[in-house]
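*Asks:*
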Amino acid sequence: MASLSFLHLSSATRFTPRATPKAASLNIPLSTLDLHPHIDLAIDGADEVDPNLDLVKGRGGALLREKMVEAASSSFIVVADDSKLVSGLGGSGLAMPVEVVQFCWKYNLVRLEGLFNELGCEAKLRLAGDGSEKPYVTDNGNYIVDLYFKNPIKDGFAAGKEISAMEGVVEHGLFLGMATSVIVAGKTGVEVMTK
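Here the sequence shown is numbered in numbering that gives the first Met the number 0, starting from 0 and rising by one per residue.
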């Protein structure tokens with residue numbers, strides 16, 4: 000593991016309570032956006048990266064908190080392997096998450112699927128993953144509707160606006176215009192993509 004001795008870390012902001020024990024074990028002091036509303040640098044992974052450095056994130060379930068931290072950052076560096084590179088967002092065929100309130104979640108699932116009908120979108124409620132049929136619940140007490148696309152999203156900004164305009168939608172996993180650079184590891188080495 001490379002040394003980060005060049006980095007002076009006064010505090011770090013976490014996305015989820017699950018990060019607290021790991022940070023404590025590494026002696027990383029934690030803070031919040033309430034105490035530090037501006038962050039110099041955010042470093043995180045991504046689920047998909049397109050040629051414009053637009054992203055799909057949030058398959059781990061913390062998309063709202065991740066987006067808040069990245070939006071508060073002067074610089075946002077993404078670290079990913081080359082399997083995350085796509086020609087267009089949604090192009091991997093894997094989930095693009097949308098966080099929705101629990102109230103009338105099925106209504107929102109149907110509306111989200113209909114919004115992207117021409118892209119062959121299938122919407123599914125994310126389950127807890129414990130073998131039961133219980134829905135996955137985010138750290139904010141919401142559900143996630145995962146959108147699976149047969150074809151990439153043509154206009155991420157328009158799609159993001161349409162999703163955000165729906166009542167009951169809390170946040171979506173399209174991270175548009177936020178990444179300042181992407182570090183991509185592949186079989187032939189490491190490439191840095193910048194805008």
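Quick reminder that beta carbons are idealized off the backbone N, C-alpha and C, glycines included. The model shown is predicted, which means the values in this text are computed figures rather than measured ones.
With 8 Å set as the bound, which would you pick, yes or no: does the beta-carbon of residue 52 sit closer than that to a beta-carbon of chain B?
*Replies:* As a matter of chain content, chain B is missing from the structure shown, which is built from one protein chain.
*Asks:* Do you know whose CA, among 45, 66, 72, lies nearest residue 36's CA?
*Replies:* Along the sequence shown, one-based indexing puts residue 36 at 37. If we check each option's Cα against that of residue 36, 72 comes out closest.
*Asks:* Can the beta-carbon of residue 47 be found closer than 8 Å to that of residue 83?
*Replies:* For the purposes of this step, residue 47 is taken as the residue at position 48 of the sequence shown. For the purposes of this step, residue 83 is taken as the residue at position 84 of the sequence shown. In contact: residue 47 and residue 83 (Cβ atoms closer than 8 Å).
*Asks:* To which residues does DSSP link residue 174 through a beta bridge?
*Replies:* By 1-based counting over the sequence shown, the position of residue 174 is 175. Residue 174 pairs with 54.
*Asks:* Return yes when the Cβ of residue 49 is within less than 8 Å of the Cβ of residue 85, no when it is not.
*Replies:* Position 86 of the sequence shown, counting from 1, holds the residue named residue 85. Position 50 of the sequence shown, counting from 1, holds the residue named residue 49. Yes; because the gap between Cβ atoms is below 8 Å, this pair is in contact.
*Asks:* What does the alpha-carbon distance come out to for the pair residue 6 and residue 113?
*Replies:* Here residue 6 is taken as the residue at index 7 of the sequence shown, counted from 1. Here residue 113 is taken as the residue at index 114 of the sequence shown, counted from 1. Residue placement at residue 6 is poorly supported in this model, since its pLDDT is 44, which falls under 50; the coordinates still yield a value, given next. Distance between the alpha carbons of residue 6 and residue 113: 47 Å.
*Asks:* Give a yes or no on whether the C-beta atoms belonging to residue 144 and residue 108 are separated by under 8 Å.
*Replies:* Within the sequence shown, numbered from 1, the residue matching residue 144 stands at position 145. Within the sequence shown, numbered from 1, the residue matching residue 108 stands at position 109. Yes. Within cutoff.
*Asks:* Looking only at its chain, what residues have a beta carbon closer than 6 Å to the beta carbon of residue 3, apart from the 5 residues adjacent to it on each side?
*Replies:* Position 4 of the sequence shown, counting from 1, holds the residue named residue 3. Residue placement at residue 3 cannot be trusted, given a pLDDT of 39 that sits under 50; what the coordinates show is reported in the next sentence. Nothing listed; no residue qualifies.
*Asks:* Alpha carbon to alpha carbon, how far is residue 116 from residue 17? Give it in angstroms, no decimals.
*Replies:* Counting from one through the sequence shown, the residue named residue 17 turns up at place 18. Counting from one through the sequence shown, the residue named residue 116 turns up at place 117. Spanning the two alpha carbons is a distance of roughly 36 Å.
*Asks:* Excluding the five sequence neighbours on either side, which residues of its own chain have a C-beta within less than 8 Å of the C-beta of residue 128, listed in chain order?
*Replies:* Position 129 of the sequence shown, counting from 1, holds the residue named residue 128. For residue 128, where only same-chain residues beyond five positions count, the Cβ hits under 8 Å are 135.
*Asks:* Can you round the beta-carbon distance between residue 63 and residue 98 to whole angstroms, since I take them to be within the 8 Å contact cut?
*Replies:* By 1-based counting over the sequence shown, the position of residue 63 is 64. By 1-based counting over the sequence shown, the position of residue 98 is 99. Between residue 98 and residue 63 the Cβ distance is about 5 Å, and since that is below 8 Å, they are a contact.
*Asks:* Note down, one range per segment and in chain order, each beta strand (DSSP E) of at least 3 residues found wholly within the segment 15 to 49.
*Replies:* For the segment 15 to 49, whole beta strand (DSSP E) runs of length 3 or above, ordered along the chain, are 38 to 43.
*Asks:* DSSP on residue 74, reduced to helix/strand/coil?
*Replies:* By one-based count along the sequence shown, residue 74 stands at place 75. If DSSP states are grouped into helix, strand and coil, residue 74 belongs with the strands.
*Asks:* Taking the alpha carbon of residue 167 as the point to measure from, which residue in 75, 68, 141 has its own alpha carbon closest?
*Replies:* If you number the sequence shown from 1, residue 167 lands on position 168. Residue 141 is the option with its Cα nearest to residue 167.
*Asks:* Distance, Cα to Cα, residue 184 vs residue 80?
*Replies:* As a first step, residue 184 is located in the sequence shown; it is residue number 185 there, counting from the start. As a first step, residue 80 is located in the sequence shown; it is residue number 81 there, counting from the start. In a straight line, the C-alpha of residue 184 is about 5 Å away from that of residue 80.
*Asks:* Which value, in whole angstroms, describes the spacing of the CA atoms of residue 133 and residue 187?
*Replies:* Translated into positions along the sequence shown, residue 133 becomes position 134. Translated into positions along the sequence shown, residue 187 becomes position 188. Near 43 Å, if we compare the C-alpha coordinates of residue 187 and residue 133.
*Asks:* Return yes when the Cβ of residue 151 is within less than 8 Å of the Cβ of residue 57, no when it is not.
*Replies:* In the sequence shown, residue 57 corresponds to position 58, counting from 1. In the sequence shown, residue 151 corresponds to position 152, counting from 1. No, these two residues do not count as a Cβ contact at 8 Å.
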